[in-house]
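Numbering (my numbering), first residue to last: 24 to 99. All C-beta atoms, glycine included, are put in the ideal place defined by N, C-alpha and C. Fair warning: this is a prediction, and the values are worked out from it, not measured in the lab.
Structure below.
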């Protein structure tokens, strides 16, 4: 008989807790350049996402059935 999901999740939680309890301090230093790099990565990701949305906007509207060109061309 295999252990139930509750027992597995409890065992996993205790294992992760034991790993974190024994961790030593990293003594790491983050200088201002690291913060600047993180900011540049975030802004670049946002700009890339905006470009992808711009390039595929018409296809997305057509997929959702909200394309204006098809609605304007329809006979009244």
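- Between residue 90 and residue 84, the CB-CB gap stays under 7 Å.
- A direct Cα-Cα distance of roughly 46 Å separates residue 86 from residue 54.
- Annotation for residue 27: no residue places its beta carbon closer than 8 Å to its own, counting only its chain and skipping 5 residues before and after.
- Under the three-state reduction of DSSP output, residue 79 falls in the coil class, being neither helix nor strand.
- Per DSSP, reduced to three states, the secondary structure at residue 28 is helical.
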